[in-house]
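Here is the structure we will look at.
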Amino acid sequence: TNAPAGSRVIPEPTRSDLLMIDPDITRLEQQLIATRATIEAHVRKFRDPNHPVRVEDREIEQTLLDELDERMQAARGQWVANGGRIRPEADGAFMRTEREQRLGRLRAVQVRQQAQLDKYYTMRATLSEFQQRVDDLTRDIRIVDDRIKALDVPPDLTFSGQIKIHEGMRPLLPSRDKRRQMMVAGVFGGFGLSLGFFFLWGMIDRRAFSVSQLDSPAHAYRLLGILPHLKMTSEFDDDRDAAAQCVHQIRNRLEAVRNRESSTVIAVCSAFAEDGKTNLTMLLGWSFAAAGHRTLLVDADFVGRSLSRRTGTLESAGLREVLSRKWLDDEVRPLSAGNLTVLAAGRLESFGPEQIRVDDFEMLATELRAQFDIILIDTGPFVGGVEVLPLCAAADGVVFVVRRGRSRNRLDSCIDELRITSTPCFGVVLNRAAPEDCARYVSGSSGASGKGRRAATPSTLPVAMGPVNGRQSSVVCTIETRSLRDLDSTPGADS
């Protein structure tokens, strides 16, 4: 540069000098390169030079060029003002001023871009609305075209612009009124649907409600009998006589299937708790005793111990102590009825149901067979009872009790599981049977004989007449009325 004599010549600043004075020049150049690359992409996409996107790209490019030129001129002026030197101490205030100016320009660009974006969204919504209207109109036009086609008259029906109308033909037969046929079809259809619904519901809901559901050749078991549903307030002879007759019929059927040449061990089980196995065990015990058999009741339900509770031997030594020491002492207790004794569950807490073994119970059963004719075992519920399978394996047969309203599927599963013990199932007893089922097992004469009469002794019940010592004699066994009334058990007790 030309300068007056005696003055120092200021050299032209290099690019490095300018970048040292204003570092934002590099960032602006990079933004300009990226913007031009975007412009090239938009040129290929939008052919119209006046497209809003391309116009906006040109505005952004021009803004960056103007800002870059201002930055370059300001950096050169700063270079001259510093006498051809870089003064870092003066850069701070300069940079702040320039940044504020650039921030204002960028905000202005942002406002313009936001306005363009809002305009774009508005146009897009308008376009969607127009497209929906076009679709609706197209659908309406199609409907109108279909109607016009339906109204078109074939050419063979037109003559000189007029439509030929053929005369109608008279029917050969009068039209038939089908209301009667429809009524009959509705009656039979409704009846058939009702039967089908009840049949389907019976297939789904497999609960035992009557004798006919259990007494079927299709089952793998036979029905031994029923125990009627007695009311707790019943004190008439005919009600108790009917219940006693049902018990004796069950006993007679067991007599028919058991081996009468030796003693018989019978396990009384149920698929559910509180189905009445304890009550059936006691009633069968009294019935066998009334027939002259030496009968033993064994309480093998270590959890419920209902038999021990009802016979008043809850605190007596019993089966636990016998199985623990593996020999029988004086645990067998006589009851008030003749020929009837009981072996309680015992009070030895250290001996649980999981310690019962088949061999130990078979040894005990062998010892008991020498003293008794009939041994009835009151077990726990078949499902969930640990002691049930060992006891059933040592028995000669098993009797299942199912309360009215219980599932038959669970009963079938228990009988299938019993097969692994090779012990036969003597049959099933339906507890809490409905009054109409009692007609199959109770004769009318027995019920009528005591009809309307009060019991002479309300606390006792005459039970049976059975053979004793080969002679037909009147053997009367008194059963506590409470035991028969417990057929209608309360929750919490195994009735």
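Per this note's numbering, the sequence shown runs over residues 31 to 525. No residue lacks a Cβ here, since even glycine has one placed at the ideal position from N, Cα and C.
### Contacts around Ile-386, its chain only, beta-carbon distance under 6 Å, and the 5 residues preceding and following it disregarded
The sequence position of residue 386 within the sequence shown is 356, counting from 1. Cβ within range, chain order: Glu-417, Pro-420.
### Query
Val-372: which of Val-431, Trp-316, Leu-327, Pro-41 sits nearest, CA to CA?
By one-based count along the sequence shown, residue 372 stands at place 342. Per the Cα distances, Leu-327.
#### Entry: Spatial distance of Ile-404 from Arg-436 (CA atoms)
The sequence position of residue 404 within the sequence shown is 374, counting from 1. The sequence position of residue 436 within the sequence shown is 406, counting from 1. Distance between the alpha carbons of Ile-404 and Arg-436: 29 Å.
### Task
Tell me whether Val-139 sits in a helix, a strand or coil according to DSSP, three-state version.
Counting from 1 along the sequence shown, the entry for residue 139 is found at position 109. Looking at Val-139 - three-state DSSP - the assignment turns out to be helix.
### Message
Just verifying my parser: in three-state terms, what is the DSSP assignment at Gly-255?
### Response
Position 225 of the sequence shown, counted from the start, is the residue given in the question as residue 255. If DSSP states are grouped into helix, strand and coil, Gly-255 belongs with the strands.
### Query
Taking C-beta to C-beta, are Leu-349 and Ala-330 nearer than 8 Å?
If you number the sequence shown from 1, residue 349 lands on position 319. If you number the sequence shown from 1, residue 330 lands on position 300. Yes, the Cβ-Cβ distance between Leu-349 and Ala-330 is below 8 Å.
#### Entry: Presumed contact (8 Å Cβ cut-off) between Phe-412 and Ser-300, rounded CB distance
Locating residue 412 in the sequence shown gives position 382, where the first residue counts as 1. Locating residue 300 in the sequence shown gives position 270, where the first residue counts as 1. Confirmed, Cβ separation roughly 7 Å.
### Task
Have a look at Asp-47 and Leu-98 and give me their C-alpha separation to the nearest angstrom.
Numbered from 1 along the sequence shown, position 17 holds the residue referred to as residue 47. Numbered from 1 along the sequence shown, position 68 holds the residue referred to as residue 98. If you take the alpha carbons of Asp-47 and Leu-98, they lie about 15 Å apart.
### Task
Could you tell me whether the segment 422–438 touches the segment 454–466, where touching means 3 or more Cβ pairs closer than 8 Å?
yes
### Message
I need the straight-line Cα distance from Trp-109 to Pro-43, nearest angstrom please.
### Response
Here residue 109 is taken as the residue at index 79 of the sequence shown, counted from 1. Here residue 43 is taken as the residue at index 13 of the sequence shown, counted from 1. Rounded to the nearest angstrom, the two C-alpha atoms are 7 Å apart.
### Residues of its chain near Asn-289, where Cβ-Cβ distance is below 8 Å and the 5 sequence neighbours each way are ignored
Walking along the sequence shown from the start, residue 289 turns up at place 259. The answer, listed in chain order, is Asp-426.
### Task
Given a cut-off of 8 Å, decide if Asn-461 and Leu-257 are closer than it, judged by their beta-carbon atoms.
In the sequence shown, the residue the question calls residue 257 occupies position 227. In the sequence shown, the residue the question calls residue 461 occupies position 431. Yes; because the gap between Cβ atoms is below 8 Å, this pair is in contact.
### Task
Could you tell me whether any non-hydrogen atom of the ligand FAD is closer than 7 Å to the CB of Asn-461?
Of ligands this structure carries none, so the ligand FAD is not represented either.
### Query
Under the DSSP definition of a beta bridge, which residues are partnered with Pro-43?
Here residue 43 corresponds to residue number 13 of the sequence shown, with the count starting at 1. In the DSSP output, where bridge partners are listed per residue, Pro-43 has none listed.
### Message
Once the 5 residues before and after Ile-280 are set aside, which same chain residues still bring their CB inside 7 Å of it?
### Response
The count along the sequence shown starts at 1 and reaches residue 280 at position 250. Leu-254, Gly-255, Leu-314, Val-459.
#### Entry: Selection from Tyr-151, Val-277, Thr-156, Thr-93 that minimises the alpha carbon distance to Gln-134
Position 104 of the sequence shown, counting from 1, holds the residue named residue 134. Note on identity: in this sequence residue 134 is Gly, with Gln being the wrong assignment. Comparing Cα-Cα distances from Gly-134 to each of Tyr-151, Val-277, Thr-156, Thr-93, the minimum goes to Thr-93.
### Message
Taking 8 Å as the limit between beta carbons, can you name the residues of its chain near Leu-552, skipping five residues before and five after?
### Response
Only positions 31 to 525 of the chain appear in this structure, which leaves residue 552 out of reach.
### For Met-212 and Ile-171, the rounded distance between their alpha carbons
Here residue 171 corresponds to residue number 141 of the sequence shown, with the count starting at 1. Here residue 212 corresponds to residue number 182 of the sequence shown, with the count starting at 1. Ile-171 and Met-212: Cα-Cα distance of roughly 43 Å.
### Query
Helix, strand or coil for Ala-400 per DSSP?
Here residue 400 refers to the residue found at position 370 when the sequence shown is read from its first residue. In this structure, Ala-400 counts as coil in the three-state DSSP scheme.
### Message
Classify Ser-380: buried if its beta carbon has 16 or more other beta carbons within 10 angstroms, exposed otherwise.
### Response
Position 350 of the sequence shown, counting from 1, holds the residue named residue 380. Answer is exposed; the Cβ neighbour count stays below 16.
#### Entry: Residue range of the alpha helix (DSSP H) that includes Gly-107
Taking the sequence shown and counting its residues from 1, one reaches residue 107 at position 77. 82–111 is the span of the alpha helix (DSSP H), which, as asked, contains Gly-107.
### Message
Suppose the cutoff is 8 Å on Cβ atoms and the five residues either side in sequence are ignored; what does the same chain contact list for Arg-101 look like?
### Response
Within the sequence shown, numbered from 1, the residue matching residue 101 stands at position 71. Asp-52, Asp-54, Ile-55, Leu-58, Glu-128, listed in sequence order.
### Message
The alpha helix (DSSP H) that contains Ser-338, what's its start and end?
### Response
The residue labelled residue 338 in the question sits at position 308 within the sequence shown. Counting along the chain, the alpha helix (DSSP H) containing Ser-338 begins and ends at 336–340.
#### Entry: Met-50 versus Arg-115: straight-line alpha-carbon distance, rounded
For this step, residue 50 is matched to residue 20 along the sequence shown. For this step, residue 115 is matched to residue 85 along the sequence shown. Roughly 11 Å separates the two Cα atoms.
### Task
From the DSSP output, in three-state form, read off Leu-48 for me.
Numbered from its first residue, the sequence shown carries residue 48 at position 18. Helix.
### Query
Quick one: what does DSSP say Leu-370 is sitting in, helix, strand or coil?
In the sequence shown, the residue the question calls residue 370 occupies position 340. Residue state, collapsed to three classes: strand.
### Message
Let's test the definition: count the other Cβ atoms within 10 Å of the Cβ of Pro-364 and tell me whether it reaches 16, buried, or not, exposed.
### Response
Numbered from its first residue, the sequence shown carries residue 364 at position 334. Pro-364 should be labelled exposed.
### Query
Between Ala-104 and Lys-75, what straight-line distance do the alpha-carbon atoms span, to the nearest angstrom?
For the purposes of this step, residue 104 is identified with residue 74 of the sequence shown, where counting begins at 1. For the purposes of this step, residue 75 is identified with residue 45 of the sequence shown, where counting begins at 1. So the two alpha carbons sit approximately 38 Å from each other.
### Task
Could you have a look at Ile-407 and say whether DSSP puts it in helix, strand or coil?
Indexing the sequence shown from 1 puts residue 407 at position 377. The answer is strand: DSSP assigns Ile-407 an E or B state.
### Query
When DSSP labels each residue in this structure, what does Val-325 get in the three-state scheme?
Sequence index remark: in the sequence shown, residue 325 carries index 295 (1-based). What sits at residue 325 in the sequence shown is Thr, not Val. Residue state, collapsed to three classes: strand.
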